[in-house]
Amino acid sequence: MAFGKVIPPTPRNRKLRSGPRESLRIPDMDQWFNKLVQEVKDRAEFLEDMRALGQERKYRPIIEQEIASKIRQMEIIDKKQCDELDQLLGRYRNIPPRPLSEK
Numbered sequence: 001m002a003f004g005k006v007i008p009p010t011p012r013n014r015k016l017r018s019g020p021r022e023s024l025r026i027p028d029m030d031q032w033f034n035k036l037v038q039e040v041k042d043r044a045e046f047l048e049d050m051r052a053l054g055q056e057r058k059y060r061p062i063i064e065q066e067i068a069s070k071i072r073q074m075e076i077i078d079k080k081q082c083d084e085l086d087q088l089l090g091r092y093r094n095i096p097p098r099p100l101s102e103k
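With UniProt numbering, you'll find the sequence shown wraps up at 103, consecutive numbering, no jumps.
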């Protein structure tokens, strides 16, 4: 009754319906694993490019952490496939920290 107007009550029995819900899709594990493999290779390639340009020192810690994170995700998906990739990219596994002053 604010401002002298009578507002009709909101009907409670009518429900708003949205369209049919799509079931939540779980990505295929092989596709997910292959995507992670490609991301690791891309990061390793980027690091090699930065090494060639003399900028490795700037990007190395970040890229190594990203690679280690991707490898941990891949281990969750499939340990056997991850072991094969680990042989290819073994140098990014359990890397001791380096001082920033070292080239």
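Ideal Cβ positions, reconstructed from N, Cα and C, are used throughout, including at glycine.
Original post:
How long is the line joining the alpha carbons of residue 45 and residue 34, rounded to whole angstroms?
Top reply: Whole-angstrom Cα-Cα distance: 16 angstroms.
Original post:
Around the Cβ of residue 29, are there at least 16 other Cβ atoms within 10 angstroms (buried) or fewer (exposed)?
Top reply: exposed
Original post:
If we count the other Cβ atoms within 10 Å of its Cβ and call it buried at 16 or more, is residue 43 buried or exposed?
Top reply: buried
Subject >> Exposure label - residue 80; buried when at least 16 CB within 10 Å >> reply: exposed
Original post:
In chain order, what residues of the same chain have a beta carbon less than 8 angstroms from the beta carbon of residue 65, not counting five sequence neighbours either side?
Top reply: none
Original post:
Which residue from 7, 36 and 40 puts its Cα closest to that of residue 63?
Top reply: 40
Original post:
What's the call for residue 6, buried or exposed, on a 16-neighbour Cβ count within 10 Å?
Top reply: exposed
Original post:
Shortest alpha-carbon distance to residue 67 belongs to which of 3, 36 and 11?
Top reply: The option with the nearest alpha carbon to residue 67 is 36.
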